[in-house]
Structures are given as C-alpha cells and as structure tokens.
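See structure below.
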Amino acid sequence: MERPISRRRHRAARVDEQQESEVDTPTLMSSTEKPLANGTDGSARGIWGYIIALLVVIGAAFTLLAQGVQIPLLQSNNHHGASSIAVDEPTRLQDLHPEDHVYRSPKTIEFNWTVSSGMRRPDGVVKKVYLINDLFPGPTIEARSGDRLLITVNNALENEEISMHWHGLHMRGHNDMDGVDSVTQCPINPGGSFLYNFTIADYQSGTFWYHSHSSLQRGEGLFGALIIHKPVPLSIRGSAPARALHSDFERYGYDKEALMLMGDWYHEPAQKTMNWYLSSASWGNEPVPDSLLINGVGHFPCSRVAPAKPLDCIDDGYVIPHLKLDPALTYRIRAINFGTLAGISLAFQNHQVEVITVDGGLEVEVTSKEAQSLGILYSGQRVDFILRPLDTEMQHSGFTINLDREDFRYANPAMISEQAYPIVPSSFESPTAAGNSTGLPPLIDIPSTNHIDLSTLTSSAKITHDIPEKADETYMVYVNVMKKAINAFKPYSYLNHTSWKPQSNPRVPLLGLPREEWDEHQLSIVIGDDQKQNDEPKKARWVDLVVNNLNEGSHPFHMHGHNFHVISTHQSALKFGSYNPFEPIPSNADFAGPPYDVSASLARDTVLIPFHGHVVLRFKADNPGLWIFHCHVMWHLSGGMAMMIDEREPEERERVKNERWGECKGYNTPD
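In the UniProt record's numbering, the protein residues as written are 1 to 671.
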C-alpha cells in the first residue's frame, strides 16, 4: 500500500506543538530570475545563487524532520531473523521471507523495542499513535517453529503502563510470558522494561500477531505481525532444490508470501471514545469507526469531515493506497484483522482466491480454487489464502475491502464501509489522486457463488481425527451487555453477571495470587479440579465450553493458550438461541444439540459468537496455566467481557498460597 504526503488541508483545526504543521516549500529562483546585490559580478551571482538554494533546501529538510512530516507516515516495516530492516518508502503489500527461516535450525532471536508515541497521518488525518522503534504499525517478526525469542520491551511513554500479548501462540511452559496485564504479569511502568523470553512450540507455525493487552493501546497502533514459518524436515534439508523442499510452496503452488494487516480506524483518541461508550449517552451503541487501514495506511476523503468536528486532514496530490503485485506470480497472502470492532471481507478483480489456513496455521479443507472473494474475518482472526492472477499480462486490476456493518448501530457520515483500491504491476507508476478526484477504481461486484464464507469452513482431517465424541467436562457461560440502574445505565459487559476488571485489591497478577484473594470481578472455571491428587499421571481433559450470547450483537471471542474446535454454532431466527447442556433441549428449540459431527468442526483460536445464539467449543486442556478468554472487540473487553480458564495443576494452585507474588509498583486500575 502506498500513500505519500500531500500539502492540501481541509478544515484544519489548530493542533498542539507535537502535531505536524503546514510547511510550504520555498520556491527556488535562479540568479537570472532575481538579481543579487549591486556590485556582484555574474560569476559570483551564480555561485551565491547555488549556495543560497542549497541552504534553503537543507533548511527545509531540517524543518520537515523537526515537524515529523516525513518517512514514519509511510513505512514498510520488516524484521526477519535477528535484524531490523526499516525500508524508507511508501507502505505496500509487505513481502515476507520464508527462505530465511524454513531451511535453518532453531536459534535464539533477540529484539530490543522502545514503545513511544507520536503524531502520524495513517489515512491523511493527524492522530497520536503508538510506535515501536518509531514504527507504525510495529515491526514484523519472522521466525520458525522452535525458535527462542528474547524481546525486551522498554516503555518510553510518559504516564502509561503497557504489556504485550503474542496472539495465537500457546506459550506452552511460558504462561508468565503471555503478556496479559494483571493476569500473568505486572504492567511495564513508564521508564521500565520487561524481557519476554519464550520458545515457540515445535508444532506451531502460521500467521500470528502481537498487541498490547493494556488499556486501549491496541486500538491506536500498538500491534504488529508475528509470522512463524514451518521448517522443512531435517531429513531432507539440503537434498533438493530449495523450492522443492518447502512443502507449502509445492502443495499450494505459490511463488511469494506477503502480509496484509487490516483493520478499522478511529480519528478520535481511544480513551475519549471509550468514555463516550461507557456513558448513558451511548445507549450501549458501539462507536462506529471512521476509516480503515491496510499495512498502516488508508484513504480518508477530507470532504467527509464534519464542520462541527474539524480535523487536520490532507487528501490531495498523494499516491493512492494500492497493492503492487508481479502479475506473473502467485502469492500466499497472510491477512490479519487487527481492528477494534468490525469484521472484514475482501474481493479481488482478475484474481482467484483459495483459502488454505485460518488463525495460527490451522489447515482447512479447500472449498474452492476459483472464488474471487472471502469473508468475514473478525477482530483478532487471521486467514491465509492463495491469490492467483487470471491474466498474467494484465495491466490494471483492483480489490475491494468491506467493513461488516452488523455492529454499526448508528450512521457515521464520515465512514465509507466499502472501499476499492488498485492493484498495479510492480513496474508501474503509482496512481495519484488530483483535485477532487479520488482516483479510486469502482467497487467490485462479485457474485455470491464466487464467495468463500469463512464461517462454513471445516478443518482438514488431520486436525479433526482425534477429537473425542464426548468431552470429560462441560461448562456454560452467558455473555451480555447490560445497562443497569446501579451503574447509571452505562453499558457494561458481563459473563454470568460478572463484569471483569483488572485485579485491584490486592494489586497482584492473578497468576501469583491465591484464588481466595481474587476480587469479585474475576469469573473463572477450574479444569480438572475433581482429579485426585496422587502419583498417577494426570490425563489431559477434553472440555466443552458452551457460550450463549444474549446480546443484540455478535462477539469475536479469543482463547489464550489454546486452539479449540467449533463443534456447533447456532443463531436463532426468532428468539434467543441459548443452549443449556445440563437440561433437556426444549421441544420448540430450533437447534438439535448433541451428538455433534466433530469431523465437520473448525479449529480456531478466535471465534464469533452470533447474536441470539451460541457456540460449543471443544478443546484439550493440556496446557497448564491461567488463560484469559475474552471478547476481542476492544470496547467490550474494556467494559468487562472476559473470564479466566484455570488450567493449573492443583499443586501449582497450592504452591501460590505459600509463594504469593508481591504487589505491582505503580499499578493503575481503571475506574
């Protein structure tokens, strides 16, 4: 995606000293256009003219640098191996580098990150965002299964605490590195540092990402991609041409890998937006986003700025966001929805798509190799798909990105929920907007028969073959957003009438605090609590978790530490479609209940709970630890939609009673 800087502004509001300000590049005149002082000969006039011109250019350059109007606005970030490569050019479809990782042995890779903030124009509108080593979004990590990662996170923010979660990684044996503020660690204080030290499981490879798990920072840029490449078997490494060794290259027939980091975007500060949502004024309506970003950039027409809410916005004379692809190549696209609220669908012109994995490299049965669109990809979810050109000689093409409007409860005139962008050959000039013209291609009308519905996919047989017909334990929870009089009718989120908040009294992460001392906001299920404590080896339990949604909107839920199998999904057309596994199913219910066809299930780590419906998730409790299960809509999580899955061994829970962690210093808890 590309979008350089423009100088035209619309309804420019006053900004503070940290924000960018208008810079008019001086007009450079030659000595023949404007005479110098009398008494200077022509040769001197020419020399002094060049000197003055040079000084003006240098001065303008330093002014631009001082005001933050340059490179960081449009950055292509790529970290592969132990080195950081920041390409100072407009952001585009980011190439990945499996060749650097799939043929080598596991190794230790170190990163040193500094988290700060700064003013940027991701879509043309100035906003304060979070930066990692001055990059927005954060640097892309590429590694392989079995690698050890040492990531030092330094907090350079003035008055905010942070933590970093590695979304989708099971963190087996590293529960305390999961990065959940107040659950697995104390937050990183301003001026402080924390070393995340963990080894990627040998069995995990695929598309992951990392993001802040403190406050609302994820919604303002504190995130990045985490790509774990699958290594080729050691037994054949080096025995054949490199391409033939990479089974995925051969199996799916692609030439290159690339990243699309996509999501909705808000122009107002996240805390201001959250304050509005958690007030009676919102009536429980989630804030509707203003824009969308792909790999850190987007396109917002300044003509849509409301006069009552002026913004510092530019939209003329810049290169339109677009994808540059080699038309002769087939790509594996690793797509991530980093967004706060909305799901995403994609449609491609003159290309075919084939979905191969979801979330963390979980293979699916291929349903079509000739589709031209896919969706919906909800917040926190990932999908890998093959993008094949229909015409290798094509000159121009395009794609459409659509934000799902299910949770848009009111009209936001600024928002264009469906946007089209060009796809151009990598050798072509970048398309540019001029005047009032957007320069964007028309939206792509793709027939429904050419669409891949991600909710109907099933996992490959090698993933589903060992799922038992029945679970060892079953739990049931209800999720809802309620406006209670006791809370002044503010829309707080609940699981079984418990609204989650970070542990505050005492201020100790739950992982290091005896259960008896947890406060009232900590709902949890304890797995295997009935197993006898003896010398016999403990068997991993299979658990069914039934999640009923009483809310008018859907909720994408993410489970830390596990993948799960979605063995049943139901949305009632006429009434609440709740399912109580401990009672007989009513005769008038519009769902069947068990037994389930587990062979038709889909393995994920983030799933949508449909409104007025339920899901049944079956997972193997073989990863001891304390794991959070929560809605990935940022407004809902911050409003309390979370609970704990306590999978610790009984001995570990007893040990914590005698080895309680100390209180966090400088710990802040929300109101």
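Glycine included, each C-beta is placed from N, C-alpha and C at the ideal position.
- Around the beta carbon of residue 497, a 10 Å sphere encloses fewer than 16 other beta carbons of the protein chains shown; the residue is thus reported as exposed.
- By alpha-carbon distance to residue 594, the top candidate from 188, 272, 470, 339 is 470.
- Comparing alpha-carbon positions, the option among 175, 568, 583 lying closest to residue 599 turns out to be 568.
- Contact between residue 458 and residue 368 does not hold, since their C-beta atoms are separated by about 13 Å, which reaches or exceeds 8 Å.
- Closest option to residue 427, judged by alpha-carbon separation, among 213, 553, 328, 608: 328.
- With a contact defined as Cβ atoms closer than 8 Å, residue 564 and residue 515 miss out at about 24 Å.
- Cβ contact annotation for residue 285 (same chain, cutoff 6 Å, sequence separation greater than five): 409, 410, in chain order.
- Two segments are said to touch when three or more pairs of C-beta atoms, one from each, lie closer than 8 Å; by this definition the region 139-158 touches the region 188-201.
- Within the same chain, and ignoring the five residues on either side of residue 636 in sequence, the residues whose Cβ sits closer than 6 Å to its Cβ are 493.
- Between residue 548 and residue 587, the gap from beta carbon to beta carbon reaches 7 Å or more.
- A residue is called buried once 16 or more other Cβ atoms fall within 10 Å of its Cβ, and residue 253, having fewer, is exposed.
- Rounded to whole angstroms, the Cβ separation of residue 208 and residue 226 is 4 Å, and the two are in contact under 8 Å.
- Nearest C-alpha to residue 198 among 218, 181, 174: 174.
- Using a Cβ distance threshold of 7 Å, residue 556 and residue 380 count as a contacting pair.
- The shortest C-alpha to C-alpha distance from residue 320 to any of 544, 123, 100, 611 is the one to 123.
- As far as DSSP is concerned, residue 301 takes part in no beta bridge.
- Taking a C-beta distance under 7 Å as the contact criterion, residue 206 and residue 339 do not qualify as a contact pair.
- Taken through DSSP and simplified to helix, strand or coil, residue 579 comes out as coil.
- If the five residues before and after residue 609 are omitted, its C-beta is found closer than 7 Å to the C-beta atoms of 479, 547, 549, 554, 555, 557, 615, all from its own chain and listed in chain order.
- Counted as a single uninterrupted DSSP element, the beta strand (DSSP E) harbouring residue 148 occupies residues 148-155.
- Within a 10 Å sphere around the beta-carbon of residue 385 sit 16 or more other beta-carbons, which makes this residue buried.
- Runs of the beta strand (DSSP E) lying entirely within the region 504-576 and spanning at least 3 residues, in chain order: 524-526, 541-549, 555-559, 564-571.
- Per DSSP, residue 271 is one residue of the alpha helix (DSSP H) stretching across 270-277.
- For residue 127, the enclosing beta strand (DSSP E) covers residues 127-132.
- Residue 351 places its beta carbon 7 Å or farther from that of residue 377.
- Ranked by how close their Cα comes to the Cα of residue 590, the residues 656, 581, 575 have 575 in first place.
- Put simply, the backbone Cα of residue 501 is about 10 Å away from that of residue 523.
- Around the C-beta of residue 468, fewer than 16 other C-beta atoms lie within 10 Å, and the residue is accordingly described as exposed.
- Burial state of residue 127 is buried, judged by a 10 Å Cβ sphere holding 16 or more other Cβ atoms.
- Here residue 390 has 350, 351, 352 as same chain residues with Cβ atoms under 7 Å from its own Cβ, once five neighbours each way along the sequence are excluded.
- Within the same chain, and ignoring the five residues on either side of residue 511 in sequence, the residues whose Cβ sits closer than 7 Å to its Cβ are 175, 176, 183, 184, 626.
- Remark: three or more beta-carbon pairs, one from each stretch, lie closer than 8 Å, so the region 257-272 and the region 283-297 are flagged as touching.
- Secondary structure at residue 309: coil, using DSSP grouped into helix, strand and coil.
- Residue pairing by DSSP leaves residue 321 without any beta bridge partner.
- Residue 495 holds the alpha-carbon nearest to the alpha-carbon of residue 645 among 495, 634, 324.
- CA-CA distance, residue 287 to residue 543, rounds to 35 Å.
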